Amino acid sequence: MDALAVVLLRRTARVSVVGSGAAPADGAAWVASLEADLADRGWLLRQDLRAGATRLPPAVRIRWADWLLATVDELVGADRPLLPLYRSFPNTPQDVEAVYVRRLLTHLFAVPDAPCVLCGRDNVGAPLDPCGHLVCPACFPPDQVTGCPVCGRRLSADNTYLTIVEPSSPVRSRPRRAGTPNEDADADERTVRDAPPLPMRIAGLEVDPIGAAIRIRDQLVGQPAALSDTDRADLKVLVDATAPGRLDWLPDVVPARETLAQIIAWALHAAALTPGYRDLVDAAARRWSTATDAARTLWAYSGGDPGLVLPRRDDEPPGEMGRPSREPAVTVPVARVRALPRPLRRAVLAHLDALGAVVAAEDLRRHPTVWKRLGERLHPYENVAAHPAAAVAFATLRGTRAAVESALGGAMVTSCARAPRHLLLTDHFDGTASVRVRTHASVVEEALAAGDVVEAARLLTERPGELWRRLDHLLRAAGDDPAAQAAIEEAASSTAARVAPGVLASAAAQLAGRDDTTRATDAQLAATARARAAAARARASANATTESAVVGGLGDALRAAALRIRGDGPAVLREVFRSGVRTPAPAEKPTEDDAAEAAGIVGGRPGPGMPRRVFFPRGSVATTWTEPERRPTLPTAAITGVRDLVDNELATRAARLGRYDVAVLDAALAEVPAPMRERAASTQLAGWPRGSVRALPDAEVLRLFLHWEEPDATRVDLDLSCVFFDQDWQRVGHCDYTQLRFAGDGAIHSGDLTSAPAPLGATEYLDLHLTRLVEHGVRYAAPTLLSYNAVPFENLTEAIAGVMLPLRGGEQFDGSRVAQRFDLRGNARMLLPMVVDLRTRRLLWTDLTLNGRGDNHSVGRHGDQLARAAADQWEHFLGGHRPTILDLLAWHAAGRADRILVGHADHTYTEVPADAGAIRAVAVAETGETRQLPDLTGRTVLAGVVDPEALDRLVPRLGGTAPVASGSTVVTVTGTPDTYWTVLRAADLLGQLGAG
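Under our numbering, think of the first position of the sequence shown as 30, with each following residue one higher.
Shown next, in the form of structure tokens:
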């Protein structure tokens, strides 16, 4: 099957079948056996697909079934063996310290042709490949491990130490009639109960794959925000299948500029060396409106990120990492600009020239590194007379000095004479001249610095998106000045119709609660300044003493670790044994006065206990930055005015779309943030938006899993860990490779694998026994994925992780029990995918990348950073600072539905007027006014729910017939509803509200 079929199955849960005529005699029996295999994987066939598969010829159906099963396995990560270090997991060694001592003694003292240092037996055997450890099979039984029992490395295929082990016969999930006693319930008082089965996924028949591909393609193109890596890859498949090398299928306006640039780049490659290439270049140039649009296209054409986000370079002091010479540092490369065909080069220069020197120069300054690299291929000074404005724009970017008599110098003089307020010419003593640009942002800042908020608001109306992003700043600057407040209100009202829906929604949500903002105290601000100064001094001291502090060998490492052994115990020795590098000196304990004044400081940064702001910088992965809250409160009237303006504008835009008879909205969507930054989202199975809160299933055990495969010639050591905090975000403990068990069997790790060569890769598991952790004082759990030796996730051949609900005595990995599976991606080395509240049994999906310098990353080293990040995410997303999916549906319902009903968790409903604010207010209530749902038979319905189960609760089926009319639409966070619904994603709803 082709890539298109995979995309359709993953996105729509539908499969095409190529077969006609009479069904083979054994067709029904064959489909029954296929469905049994699918049921083991958590899938069932819908009746239409079952009937279509029955007619498949025998020569085709085996290949079709193999593809279907393999694709279903790949969705959850079951398409490969997932073998941890200890085969017996979760029954890992109880005495972890004793195991560690045996490993350490073997590592230090085992030598060839000598008896075993532990038991004295002769003939220990040959050194293991590739690590070289001498391992006694009697002391380290080979049937218990899948790698070197000393260092955790995978062994070469021709090793003679590991033995072939017959797989166990685990318990498969099987249905049990309600009320039937569990025979094993009393077998062990320590046994936990099984989690309920996960909802089955239903695969249906796709009769028109090309039509479905066009529909999904157009939905992706219509999304207002940049696409994630997965969506972008899917769009490539869809475009190749429907319109390769063409642009005529695009709508007049593509909301996301990154998406447009990527599509143009694909078309340029597909049409290369064809007669229509020049026409395609002309069509592409007509779609560029800014210089950045052209830069995105050329960067994507060269294989780079159309968002123009360059890989971050960590500032590593010399010798800081202590990395072995055979393992050099690995970084994500920057895209190399390809040679540009002459028609494309001329089109870009002509586009810059048409913008004018001022506009082009300012646009080039937005992405200076990208444009400097592109300029090496564009040759803007080659023919200044043809494109003088483009040449001047590059001269401002590069700081070029040119003789006034030269062609470039003359163009610079002429451009500055035409725009003296924005282009400033500087004459130099050697007879040359240079030019610099005075940007629009600098003019706005000058107005604000002068206290002229009215002028700043007027200037920002020229760039409506920037105005709305700076509303909070403008309102603070206005203070109590009525004229300034009126100017801001007028500017917002006059520009709202020209602003993207995501910007409007975010601006309104970020003002929520700003009339009751609590500021950090002066003492907290002073403590923050002192902590940052101390951190800067520590970094400077580390840089100055790095060479003398590096430990040369294992003996020195052990002696350095001995300085800390009393306080930290064997966990520190495990860290040193694993890394072979220096151990940092113990930190000085703060005095009581220092601790008192540093309230709210965690690890030298603002943390829990201090009012603070959380920023999400733009990038290819989601990161955050925290600052103490310094902003004064804003007037309630101004906040309400902005909210009402946004509600009215977006509801008005929705009213231009098709009508619905009834809208039924799930109140639970008020806790699901709308997808606003999908470009930084990880590829995942469940489709949870970042910041969404999910109720945990009724299970006692969550099993986290991690699997990765390293590229050739690069060892990659990833670690699955979990940090535990109490209700005040104070650290209670952790479970990782240094501590395989926490709170007895409250958390159990499967063992540390330190390499992942193909084809087996490496796998780690971590079980969380929720009740036992709560009994130990744990409130929050923060699972964390780290690259110990600092290889970016982007460089891995493959890396996946996720959460499953294991059965008692079941398989270590069961694809049918996977609740979430996601990829590790991007220029990142640490990921905080979720935070779990164990007491209320809620999971916050964070998908957050953490910054870290150097290597040897572990939760012991980054504990304070994890505490800050987890607390920041929990307080930020549960504080209502983001627009929600309920907001999106409320705008559509207010503008498009004749009746609006809000459904509550207790199966009650509340009818509300066509007002987004009224919908939000009703959704907060725990119960509604009535249990009777109006008759929806034959009516078009707009439904918004968390999952298909909630849809069945809010809009129940009547017998075997569809409860709603054709054309009814449903928006779900996860899952795929029945076929009679038109399914949209939240991003599709947002895209439909585009300006104009």
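Using N, Cα and C, we set each Cβ at its ideal position, and we do this for glycine too. As the structure is a prediction and not an experimental result, all values here were calculated from the model.
Inset, instruction - Check whether the Cβ atoms of L733 and Y794 lie closer than 8 Å to each other. - result: Contact check for L733 against Y794 passes: the beta carbons are separated by less than 8 Å.
Inset, instruction - Spatial neighbours of L477 within its chain, please: CB distance less than 7 Å, with the 5 preceding and 5 following residues excluded, ordered by chain position. - result: A485 and A506
Legend entry - Enclosing beta strand (DSSP E) for A972 [first to last residue]: Judged by DSSP secondary structure, A972 falls within the beta strand (DSSP E) whose first and last residues are V970 to V974.
Inset, instruction - Taking 8 Å as the threshold, find out whether the stretch 782–794 comes into contact with the stretch 697–715 through three or more Cβ pairs. - result: no
Inset, instruction - Report the residue from E804, P812 and L782 whose alpha carbon sits nearest the alpha carbon of D796. - result: P812
Legend entry - Helix, strand or coil at A478 [DSSP, three-state]: Correct three-state label for A478: helix.
Legend entry - Whole-angstrom distance between L227 and R205, CA atom to CA atom: Low confidence applies to R205: its pLDDT is 37, below 50, so where it sits in the model is not reliable, and the reading given next is rough at best. Their backbone Cα atoms lie some 14 Å apart in a straight line.
Inset, instruction - Starting from H162, follow the alpha helix (DSSP H) in both directions and report where the run begins and ends. - result: Premise fails: H162 is in no alpha helix (DSSP H) and is neither H nor E.
Inset, instruction - Just grab the DSSP bridge partners of C1040 for me. - result: Since the displayed the chain opens at 30 and closes at 1025, residue 1040 lies outside it and no answer follows.
Legend entry - Cα-Cα separation between A22 and E958, rounded to whole angstroms: The requested residue 22 is not part of the displayed model; the chain covers only 30 to 1025.
Inset, instruction - Pull up the distance between the alpha-carbon of A470 and that of N677, whole angstroms please. - result: Straight-line Cα distance between these residues: approximately 29 Å.
Inset, instruction - Determine the direct distance from the alpha carbon of T875 to that of Q902, and round the result to whole angstroms. - result: 7 Å
Legend entry - Cα-Cα separation, A232 to D843: 19 Å
Legend entry - Cβ neighbour criterion (16 or more within 10 Å) applied to E617: For E617, the predicted model reports a pLDDT of 42, less than 50, meaning its position is unreliable and no value from the coordinates is stated.
Legend entry - Residue from E64, G542 and H416 whose Cα sits closest to the Cα of L663: G542
Inset, instruction - Assign Q248 to one of two classes, buried (16 or more other C-beta atoms within 10 Å of its C-beta) or exposed (fewer than that). - result: Buried, because 16 or more other Cβ atoms sit within 10 Å of the Cβ of Q248.
Legend entry - Local conformation of L815 per DSSP, three classes: strand
Inset, instruction - Tell me, please, which residues DSSP counts as bridged to E656. - result: R642
Legend entry - Beta-carbon separation (whole angstroms), R366 vs D690, contact threshold 8 Å: This sequence places Val at residue 366; Arg is not what is there. About 54 Å; that fails the 8 Å criterion.
Legend entry - Inter-residue Cα distance where the pair is V140 and L163: 7 Å
Inset, instruction - Indicate the three-state DSSP secondary structure (helix, strand or coil) for M441 in the structure shown. - result: helix
Legend entry - Sequence ranges, alpha helix (DSSP H) only - wholly within the stretch 661–697, length at least 4: 665–684
Inset, instruction - Determine the direct distance from the alpha carbon of L111 to that of N120, and round the result to whole angstroms. - result: 16 Å
Inset, instruction - Hey, could you find the ends of the alpha helix (DSSP H) D748 is sitting in? - result: Not the alpha helix (DSSP H): D748 falls in the beta strand (DSSP E), residues L747 to F754.
Legend entry - For V464 and V377, the rounded distance between their alpha carbons: About 22 Å.
Inset, instruction - Using three-state DSSP, classify G208 as helix, strand or coil. - result: With a pLDDT of only 35 at G208, under 50, the local geometry of the prediction cannot be trusted, and the value read off the model is given with reservation. Correct three-state label for G208: coil.
Legend entry - P238 - containing beta strand (DSSP E), residue span: No beta strand (DSSP E) contains P238, which is instead part of the alpha helix (DSSP H) from P238 to V250.
Legend entry - Buried or exposed by the 16-neighbour rule on C-beta atoms within 10 Å, applied to C148: exposed
Inset, instruction - Let me know the secondary structure DSSP gives D172 once reduced to three states. - result: helix
Inset, instruction - Identify whether A155 lies in helix, strand or coil by the three-state DSSP scheme. - result: coil
Legend entry - Close-in-space but distant-in-sequence residues of the same chain around V101 (CB under 6 Å, 5 per side omitted): R70 and W72
Inset, instruction - Return the residue from the list R498, E827, A828 and Q849 that minimises the CA-CA distance to P835. - result: Q849
Inset, instruction - Could you tell me how far apart the beta carbons of D158 and N188 are, in whole angstroms, since I believe they sit closer than 8 Å? - result: 6 Å
Legend entry - C-alpha gap between R79 and L264, whole angstroms: 29 Å
Legend entry - Delimiting residues of the alpha helix (DSSP H) encompassing Q849: In the DSSP annotation of this structure, Q849 is not part of any alpha helix (DSSP H); the continuous beta strand (DSSP E) holding it starts and ends at V847 to D852.
Legend entry - Validate contact between the stretch 861–868 and the stretch 261–276 using beta carbons, cut 8 Å, 3 pairs: no
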